[in-house]
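Following the working numbering, the numbering of the sequence shown begins with 103 at its first residue and continues without gaps.
These notes are about the structure you will find just below.
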Amino acid sequence: MSDRFRVTYRLQAVDEAEARSRAEAVAREQTVEIPRAAVPAGYVADVMLGRVEQVTPEGGAWRAVVSYSPDTAGGEVTQFLNVVFGNSSIQQGIRVTGIAPGAAMAATLPRPRFGIAGIRRLCARPRGGLIAPVLKPMGMPPEYFARLAAGCVRGGADIVKEDHGLASQPAAPFRARVRAVADVVAEENARSGRHALYFPNLSGRADEIEDNLHFAREAGAGGIIVMPGLFGFGTVARIARDAGLNLPVMTHPAFLGAWVLAPDNGFDHGTLFGTVQRLAGADISVFPNVGGRFGFSAAACRQIADACRAPAGHGKPILPSPGGGMSVERAADMTAMYGEDAVFLLGGSLLADPDRIDDAVARMRAALDGG
Numbered sequence: 103m104s105d106r107f108r109v110t111y112r113l114q115a116v117d118e119a120e121a122r123s124r125a126e127a128v129a130r131e132q133t134v135e136i137p138r139a140a141v142p143a144g145y146v147a148d149v150m151l152g153r154v155e156q157v158t159p160e161g162g163a164w165r166a167v168v169s170y171s172p173d174t175a176g177g178e179v180t181q182f183l184n185v186v187f188g189n190s191s192i193q194q195g196i197r198v199t200g201i202a203p204g205a206a207m208a209a210t211l212p213r214p215r216f217g218i219a220g221i222r223r224l225c226a227r228p229r230g231g232l233i234a235p236v237l238k239p240m241g242m243p244p245e246y247f248a249r250l251a252a253g254c255v256r257g258g259a260d261i262v263k264e265d266h267g268l269a270s271q272p273a274a275p276f277r278a279r280v281r282a283v284a285d286v287v288a289e290e291n292a293r294s295g296r297h298a299l300y301f302p303n304l305s306g307r308a309d310e311i312e313d314n315l316h317f318a319r320e321a322g323a324g325g326i327i328v329m330p331g332l333f334g335f336g337t338v339a340r341i342a343r344d345a346g347l348n349l350p351v352m353t354h355p356a357f358l359g360a361w362v363l364a365p366d367n368g369f370d371h372g373t374l375f376g377t378v379q380r381l382a383g384a385d386i387s388v389f390p391n392v393g394g395r396f397g398f399s400a401a402a403c404r405q406i407a408d409a410c411r412a413p414a415g416h417g418k419p420i421l422p423s424p425g426g427g428m429s430v431e432r433a434a435d436m437t438a439m440y441g442e443d444a445v446f447l448l449g450g451s452l453l454a455d456p457d458r459i460d461d462a463v464a465r466m467r468a469a470l471d472g473g
C-alpha cells in the first residue's frame with residue numbers, strides 16, 4: 103500500500119533541530135520502536151517505519167506531519183489509533199492536532215452508519231435542532247425512568263438519552279430498565295405519531311456486552327450510547343459495522359477529558375471529539391458545552407462541531423451534541439453558535455420538576471424552533 107495516512111503533531115522544542123529530532127523519534131516510536139540503526143532494510147525501513155514529511159514553526163511550537171503505512175494498522179481501528187498516538191501519548195510536549203486517514207486506510211475503517219441525515223430520518227426531524235433529554239439520576243427504579251421517558255416523548259424529544267452513569271445498579275438493572283423505557287417510548291410514539299429514539303447506555307462486563315447489545319436492539323432501543331474511553335473505540339467500530347444490529351451510536355466523553363485538557367499534550371478538542379469519533383463510526387458525539395460546569399471554551403466547542411460536520415471528513419458528517427448549561431434562555435444563542443445540525447442535551451434543569459418534564463421539553467422545543 104502506497105497511500106500513507108498522515109498525523110499532525112504539535113511538538114514543544116527549542117529550535118528546528120530539536121523539533122525534527124522529536125518528530126523522527128515519534129515516527130520510530132509509533133511504528134518499529136527501535137533505534138534507526140537497528141531498523142531492518144527493505145520492507146520494514148521503506149514501508150513500516152513512520153516517515154517525517156514536514157516540520158514547520160507554529161505559534162511558539164512546531165508542527166510536524168508524520169506519515170504511516172496502512173500496513174502498520176492492519177485494518178483495525180484500535181491498532182490504527184495505537185499508531186496515531188500509542189507510546190508517544192506517554193511523553194510530554196506532543197499533541198495530536200490532525201489525522202488524515204488517506205483513501206487506503208479509510209477504506210478499512212468503519213464509517214458512521216447513519217450520520218446527520220440518517221438520524222434526522224429516523225426521528226422524523228428534517229429541520230431544526232434535535233433535543234435529547236437525559237434520564238437520571240442513578241439510584242431510581244426502572245419505573246421512574248419509564249415515567250420520565252414518557253414525559254420526554256410527549257414534550258417532543260427527538261432522542262431520549264440515558265445518563266452515562268446508568269449501568270446495571272441494583273436499583274435499576276440494565277435489562278429491566280431498558281425493557282421498561284423502550285416499552286413506554288414505543289407506546290408514546292404510537293399514541294402521538296412521534297418518532298423519538300431511545301438510547302440506553304451500554305453497560306455490563308466484557309463477556310456481557312454482545313448479549314446486552316442484542317437485548318437492547320430486540321427490546322426496541324433506537325440507538326446506543328458508548329463510552330469509548332471505557333469500552334474502547336473498537337466497541338464503537340464493532341457496532342457501526344454491524345448491519346444486522348443497525349443501531350446509531352452516540353459516544354460519551356467520560357474518561358476522555360484528560361486527553362484534551364493539557365494544552366501541550368493529548369489531542370486537540372476537534373480531533374478527539376470530532377475526527378476520531380467519525381473514524382470509529384460514531385453518529386453523534388457528546389461533549390461538554392461552553393458555559394456549563396466543565397469549562398470548554400467556545401473556540402473548542404466550535405472546533406468539535408466543525409470536525410463532526412466537515413464535508414471532507416471521514417464518512418458521513420455526524421451530529422455534535424453539546425451538553426451542560428442548556429436552557430430555554432440560552433436556546434437562541436446555542437442555535438446561533440451550533441446551527442440546526444446538533445443534538446442539544448437537556449439534563450439537570452429539566453429534573454427540578456420531573457412530573458412536568460413534558461412541559462419543560464415542549465418549552466425547549468419551542469425555543470429552538472424560534473417560538
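Even for Gly, the Cβ is constructed at its ideal location relative to N, Cα and C.
Since this is a predicted model, take the numbers as computed values, not measurements.
Start-to-end residues for the beta strand (DSSP E) that takes in residue i
i: residue 301; result: 299-301
i: residue 420; result: Taken as a continuous stretch (DSSP letters only), residue 420 belongs to no beta strand (DSSP E), as it is neither H nor E.
i: residue 264; result: 261-264
i: residue 237; result: 232-237
i: residue 353; result: 351-353
i: residue 283; result: No beta strand (DSSP E) holds residue 283; the alpha helix (DSSP H) holding it covers 276-294.
i: residue 197; result: 196-202
i: residue 328; result: 326-328
Residue i burial status per 10 Å Cβ neighbour count (16 or more: buried)
i: residue 272; result: exposed
i: residue 132; result: buried
i: residue 411; result: buried
i: residue 109; result: buried
i: residue 373; result: buried
i: residue 329; result: buried
i: residue 240; result: exposed
i: residue 162; result: exposed
i: residue 452; result: buried
i: residue 339; result: buried
i: residue 171; result: buried
i: residue 118; result: exposed
i: residue 158; result: exposed
i: residue 357; result: exposed
i: residue 281; result: buried
i: residue 325; result: buried
i: residue 303; result: buried
i: residue 479; result: This structure leaves residue 479 out entirely; the chain is present only between 103 and 473.
i: residue 441; result: exposed
i: residue 264; result: buried
Those residues which DSSP pairs with residue i across a bridge
i: residue 160; result: 163
i: residue 170; result: 107
i: residue 388; result: 423
i: residue 369; result: 198
i: residue 141; result: The partner list for residue 141 (beta bridge, DSSP) is empty, contrary to what the question assumes.
i: residue 446; result: 233
i: residue 112; result: 165 and 197
i: residue 307; result: Answer is none; residue 307 lacks a bridge partner.
i: residue 153; result: 169
Whole-number beta carbon distance between residue j and residue i, since they are thought to touch under 8 Å
i: residue 470; j: residue 433; result: 5 Å
i: residue 424; j: residue 446; result: 7 Å
i: residue 467; j: residue 233; result: 6 Å
i: residue 198; j: residue 336; result: Residue 198 to residue 336, Cβ: 19 Å. No contact.
i: residue 398; j: residue 371; result: 7 Å
i: residue 121; j: residue 127; result: Residue 121 to residue 127, Cβ: 11 Å. No contact.
i: residue 522; j: residue 252; result: The question about residue 522 has no answer, for the chain in this structure spans 103 to 473.
i: residue 294; j: residue 351; result: Incorrect: roughly 26 Å between the Cβ atoms, too far for contact.
Endpoints, the alpha helix (DSSP H) within which residue i is located
i: residue 442; result: Taken as a continuous stretch (DSSP letters only), residue 442 belongs to no alpha helix (DSSP H), as it is neither H nor E.
i: residue 363; result: 360-363
i: residue 123; result: 118-131
i: residue 342; result: 335-343
i: residue 466; result: 459-470
i: residue 256; result: 244-257
i: residue 382; result: 379-382
i: residue 187; result: 179-187
i: residue 271; result: Counting along the chain, residue 271 falls outside any alpha helix (DSSP H), and DSSP gives it neither H nor E.
i: residue 407; result: 400-411
i: residue 216; result: Residue 216 -> no alpha helix (DSSP H), and no H or E assigned at all.
i: residue 315; result: 311-321
Cβ of residue i within 8 Å of any chain C Cβ
i: residue 123; result: No chain C appears in this structure, which consists of one protein chain only.
> Can at least three beta-carbon pairs, one atom from the segment 194-213 and one from the segment 170-177, be found at a separation below 8 Å?
Replying inline: yes
>> If contact is defined by three or more beta carbon pairs under 8 Å, each pair taking one atom from either stretch, is the segment 313-324 in contact with the segment 343-350?
In response: yes
> Can at least three beta-carbon pairs, one atom from the segment 193-202 and one from the segment 134-149, be found at a separation below 8 Å?
Replying inline: no
> Per the contact definition of three or more C-beta pairs closer than 8 Å, is the segment 221-230 in contact with the segment 354-370?
Replying inline: no
> Can at least three beta-carbon pairs, one atom from the segment 247-257 and one from the segment 411-420, be found at a separation below 8 Å?
Replying inline: no
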